[in-house]
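Contents: one structure, followed by commentary.
Number of protein chains: 2
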Amino acid sequence: MTPDEFRQAGHELIDWIADYRADLEQRPVRASVKPGDVRSQFSRTPPESPRNPEDLLRELEQIIVPGITQVQHPMHYGWFPSNASLASTLGDIASSGLGTLGISWESCPALTEVEEVVCDWMRQLMGLSGQWEGCIQDTASTACLTALLIARERTSDYSESRGGLQAEDRPLLVYTTEEAHSSVVKAALLAGFGRDNLRLVSMDPGTRAMSVRALADQIESDLADSAVPCAVVASIGSTGVTAFDPLAEIARITAAHAIWLHVDAAMAGSAMLLPEYRHLWEGVEVADSIAWNPHKWMGTILDCSLFYVRDVQHLVRVMSTNPSYLRSSVDNEVKQYRDWGVPLGRRFRALKLWYHLSIDGIESIRDRLRRDLDNAQWFASQVSQSEHWRVLAPVHLQTVCIRHEPPGLTAEALDHHTLAWVNTINQSGDAFMSPSQLDGYWMVRVSIGVEATTRNHVENLWKLIQRNASDQLILAEKN
Amino acid sequence: MTPDEFRQAGHELIDWIADYRADLEQRPVRASVKPGDVRSQFSRTPPESPRNPEDLLRELEQIIVPGITQVQHPMHYGWFPSNASLASTLGDIASSGLGTLGISWESCPALTEVEEVVCDWMRQLMGLSGQWEGCIQDTASTACLTALLIARERTSDYSESRGGLQAEDRPLLVYTTEEAHSSVVKAALLAGFGRDNLRLVSMDPGTRAMSVRALADQIESDLADSAVPCAVVASIGSTGVTAFDPLAEIARITAAHAIWLHVDAAMAGSAMLLPEYRHLWEGVEVADSIAWNPHKWMGTILDCSLFYVRDVQHLVRVMSTNPSYLRSSVDNEVKQYRDWGVPLGRRFRALKLWYHLSIDGIESIRDRLRRDLDNAQWFASQVSQSEHWRVLAPVHLQTVCIRHEPPGLTAEALDHHTLAWVNTINQSGDAFMSPSQLDGYWMVRVSIGVEATTRNHVENLWKLIQRNASDQLILAEKN
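If you read the sequences in order, they're chains A and B. Numbering-wise, this note's numbering puts 198 at position 198 of the first sequence, and it's gapless, one number per residue. Numbering-wise, this note's numbering puts 375 at position 375 of the second sequence, and it's gapless, one number per residue.
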C-alpha cells in the first residue's frame, strides 16, 4: 500500500469512525451474535489475491460491528467503564502512523522521554509525591505480575541470580483477599508462589475490605511457622463491590515487616485525580508499587496501565537485560523502559495520554468523573428508597451493586429472578450490566461511567430495570 | 472531543501521516537528539487548559519526529526490521477507532473470532499442521515467559496449585545457548528457575548453533544429579548472527525426556512464509510452543507477536481465571483469550493482521521477503570478495555480520576501528546499523529488510561503508 493509497483509505476510515462514534447510541449495546457467527463469515483460508480497503471497510461494518459489545455506548454499565476518548484515539492513531520501535532509548528517544513526561504529569495529577516513577504497561494484570516478581526478588535477596525461587528454604507468602481481582491470584501463581502460599485474608463482611487485624494475626502466625511474608496486594476499588482495603493501616504492618505492598487501584486510580477522594487511599506513599488504568474510567484508550514504583533501581535490577546490540554511548544518562517490565519492545503509547490530557484537558476530565459520581449517588438513592430493592455495598465511587429482593422467594428462586431480569435487559440490547456473585449469590453490578452516559441515560436505566424486574416476577408467577 | 472535531483533526492527521511516510527518506535515519532534548521541550507540569489538535500536530513534527530513529527508513539496517506496513497501520487505526474491549468473548466476540481466523491463516501460510492453535501477544519476550511458565507447570505437575515452584524438591532446569535472545534468560529468571538452573549449552563455533551432543550430555549429567530438565528454548534465527539451532535433533531429545521445547523464531518466522526456507526449522512439529513476530520483517505493525501451542488445554489450565463477573452462558463454546497469556484485557490486534494480509496480499509480501534475501546475498558476496573484509557468520536470511579487518591492527585497535566507522555512519544519519559483539569482539550487523529498501539502497550502503572504513583508517594513521 502506497502513502497515497493510504491517504485515500485513511480519509474514508476517519469518516467512518467519526460516523460510527456519533451514531453509537442507535446500535444495540450488546453483540447479538452467537459463537462462530463472526468466524463463519471469513474464509477459512487466507486471501489469495489483494483486496481493496473499501471492501474491508464494508466488512468492518457488516461483519465486525455486529460482533462488538459497545462499551462506548451510553447505556453500557457492564464490567468497568472502558472509555476510548476520541482525543486519546487520535493520539493512538498518531502512534500507529509514526510506526516507531521502542526497544531502547536510542531506537526512539521521543518514545522514552514523552513516556517519562506524561507519567510524571499523571503522578502530579494524582497528588503522588516525587518519590514515584512510572511507566506505561499494557494492563494491571501485567503490572501486578511485575510487582510480585520484584517483591519475590527483594524478599529473597535476588534469588534469580542463584538457585531461583525453587532454591529458597522457607516458603515466601503473598497476602490479599478473596475480593481482589482475579489477576492477583493469577500473578501469584505465575510468579511461582503456589496456592498454598497465598493467604486470602478475612474481610470486614459489610465492606469486604481487608481486615487489618486478620492480616496482622496471619503474618504473626506465618512468622511463627518460619514462613516468610513477601507481599501484600491491597485492592483500592475492587472489581466486585469497589471495596477499599485500609491502606494506611496495612502500610504500617508491611513497613514494619519489610513486606512489599502493591496497590491495585486499576479502577479507582481515576478517582485519585479528584483531591476530595484521595483519603480513600491514604497511606499510599508508604506502598512499594501502584498500578492503575487510565484506560478505564478516565478514558485513555486501551491499552494504558500506569505502573509506579518507589525504588526504580530495584525494579531495573530484576528486569534488566543488556545485550551488546542494544548498547549505546548514552546508556548511563537515559531510561531504558525495556528494563521496567516483561516486554522488550513497546509502542509509542505515551502519545495517547499526551493527546488525551492536552486536548480534553484535566478539568473537563475531572468534571466528567464528578458527574458520574453524582449519577451513581442518585441511582443508589433511587434503588435504596424503592421497596424490595437493595444496594448491597457502600457506593464509594461509581459502581452500584443492587438486587431486587421481592418477598417470599427462596435463595435459589432469588438467584433465578436476578439472572432473569438482568439477562433479559442485556439480551435486548437496550442496556448492559454485569451479573456478579456476592457471598455466593447473584447480584447486579451497575457500573456508571461511560463518557456518553448522562443523568438522562441513568434515569432510563432505572426505569428499564424496574420494569423488567417486575415483568419477570409476573412471568414467574404465570409459570 | 466530539466526533466532528475528531473528523477534522483525523483528516489532518491522516494527511500528515501520508506525507510523513512518503518523505521519510529525506529525514536522517537516526535521531540526533541528546538525552533530555525531547523531554525539556515539554512543560514539567500537566497542561492546565485544553489545547487544539493543530498545536499537537505541529509539536509532533517539531519535537517528536526529530526524536525518532526512523526504522521505516530505507537506509535503516539496525537491529531487526520493524516494518509498519501502511495496510497494517490502517487496520491498527480501525482498531483504535472502534474502541473495543477484549476481556472475554462476550465483551467483543468479533475481537476473539477474528483473532482465531487470522492466527489460523498465519498457521497455514507457514506450513504448520492443524495441531497448532495460536493467539497474538505483544512481544516474543512475553511469549517466551508464557512458554517457560507453562513448561514449569507441566514438568512440576501443576505445582502452582500446591506449594508452587518453591516447594519442588529437585531443581527444574532450562536449556538454551549464549546466542539466544536476552529475553530467554530474562524469562527463565522471572519464571523463578534461577541462574544456577539455566544451562547455556555449548555451540558449534562456526555457526553458533546449539551443539546437540552437548545438549544430550548436559541432560544426562543433570539427570544423574537428580535434577529435572524442564525446557529447551531453541533459537530459529538468533538476534546476533541469525543462528539456527538444529531443531529436528533437539526435538528428538526433548521428546524422549518429555522436556518442553519452545521455538523462538521471533525474526525468522517471517522466512517460514517461504516454502523453500522451511527446512531451516525442520522438526518444529514436535515442539511444544512457537513464537514469532509478524511485527518484524513481515511488517504487521508493532505489537503483533504470534504464539502457537500444541496443547491449548494445558496452556489454559495454567493461565485461566474465571471470576463470576466475566461468566456468560456460552463459555463452553468459545475461546477466552485472557486464558492464553498474562494480560486480562486485549486490543483488537487481529485487525492489523487482517488488513495487512488482505490489502497487501501474501504474494506481494513473499516477493518482498525474497527481494531482501537476494539483497543480503548480493551484499554478503560484495563484502566477502573485498580485500580485508569478512562476513563472520553464515547468511541464512537477510542479516549479514561483517567486519573490516585491515592488517596490522591489534584486537583492541580493530575494535576501535569497527566502532569508529559504524558510529560515524550512524551519527551522520545517512544509514544505521547495529554494532554488536561476537566472541567478545565488535562487529557490525547489517540487517536488510525494511519495506522501502531496494537494491539501490543496499548498493549505496556498501559504498558508504567502504568509504567510511577507509576514511577511519586514514584518520587513525594521522593521529
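Even for Gly, the Cβ is constructed at its ideal location relative to N, Cα and C. Just so it is clear, the structure is predicted and the values come from calculations on it, not from any experiment.
- Cα atoms of B:Ala216 and A:Pro53: separation of roughly 52 Å, rounded to the nearest angstrom.
- Under the three-state reduction of DSSP, B:Asp264 is assigned to strand.
- Taking the Cα of A:His257 as reference, the smallest distance to any Cα among A:Met272, A:Leu24, A:Ile465 and A:Ala231 is reached at A:Ala231.
- Judged by DSSP in its simplified three-state form, A:Met75 adopts coil rather than helix or strand.
- In the DSSP secondary-structure assignment, B:Val233 is bridged to B:His262.
- Within the stretch 263-277 of chain B, not one residue has a Cβ closer than 8 Å to any Cβ of chain A.
- Within the same chain, Cβ atoms closer than 8 Å to the Cβ of A:Leu392 are found at Val241, Cys401, Ile402, Arg403, Leu438 and Met443, the five residues on either side in sequence being excluded.
- Across the set B:Leu274, B:Val29, B:Asp196 and B:Pro246, the C-alpha of B:Leu274 shows the shortest separation from the C-alpha of B:Met298.
- In the displayed model, B:Ala143 falls within a helix according to three-state DSSP.
- Counting other Cβ atoms within 10 Å of its Cβ, B:Pro205 stays below 16 and is therefore classed as exposed.
- Interface flag for B:Tyr308 against chain A is unset, since no Cβ pair is found closer than 9 Å.
- Residues of the stretch 104-120 of chain A with a C-beta less than 9 Å from any C-beta of chain B: Ser104, Trp105, Glu106, Ser107, Cys108, Pro109, Ala110, Leu111, Thr112, Glu113, Val114, Glu116, Val117, Val118 and Asp120, listed in chain order.
- It is roughly 16 Å from the alpha-carbon of A:Ala268 to the alpha-carbon of A:Ala287.
- Close partners of A:Asn197 in chain B (Cβ separation under 9 Å): Gly163, Gly164, Gln166 and Ala167.
- The criterion of a C-beta distance shorter than 9 Å is not satisfied by B:Trp79 and B:Ser386.
- In the DSSP secondary-structure assignment, A:His404 is bridged to A:Trp389.
- Leaving aside the five residues that flank B:Lys335 on each side, the residues in its chain whose CB is nearer than 7 Å to its CB run, in chain order, Trp105, Thr112 and Glu116.
- The shortest C-alpha to C-alpha distance from B:Arg123 to any of B:Leu357, B:Leu60 and B:Arg467 is the one to B:Leu357.
- When secondary structure is reduced to three states using DSSP, B:Val65 falls in the helix class.
- Considering only beta carbons, no part of the stretch 214-226 of chain A lies closer than 8 Å to chain B.
- Taking a C-beta cut-off of 9 Å against chain B, the contacting residues of the stretch 358-386 of chain A are Ser358, Ile359, Asp360, Gly361, Ile362, Glu363 and Ser364, listed in chain order.
- At least 9 Å separates the CB of A:Pro246 from every CB of chain B.
- Chain B places a beta carbon closer than 9 Å to that of A:Gly36, counting this residue as a contact.
- Under the DSSP assignment, B:Met433 falls in the beta strand (DSSP E) whose first and last residues are Phe432 to Leu438.
- The straight-line gap separating the alpha-carbon atoms of A:Ala350 and B:Cys108 is approximately 25 Å.
- Identification of chain B residues near A:Met1 by a Cβ-Cβ cut-off of 8 Å yields Ser85, Leu86, Ala87, Leu90, Ile359 and Asp360, ordered along the chain.
- Of B:Leu173, B:Trp421, B:Arg152 and B:His295, the smallest CA-CA separation from B:Gln466 is found for B:Trp421.
- Not one beta carbon of chain B lies nearer than 9 Å to the beta carbon of A:Ala231.
- By the CB criterion at 9 Å, B:Val29 and B:Asp430 fall inside the cutoff.
- Every alpha helix (DSSP H) stretch that sits fully inside the stretch 185-243 of chain B and reaches 4 residues is listed by chain position as 212-224.
- A Cβ-Cβ separation of about 6 Å places A:Leu125 in contact with B:Pro46 under the 8 Å criterion.
- Among the residues of the stretch 283-317 of chain B, those with a Cβ less than 8 Å away from any Cβ of chain A are His295, Ile301, Leu302 and Asp303, in the order of the chain.
- With 16 or more other Cβ atoms inside 10 Å of its own Cβ, B:Gln72 counts as buried.
- Of all alpha-carbon atoms in B:Arg27, B:Thr100, B:Ala147 and B:Asp303, the one lying nearest the alpha-carbon of B:Val263 is that of B:Ala147.
- Between the C-alpha atoms of A:Cys135 and A:Gln313 there is a straight-line separation of about 14 Å.
- In chain order, Ser182, Ser183, Val185 and Lys186 make up the part of chain B whose C-beta sits under 8 Å from the C-beta of A:Thr321.
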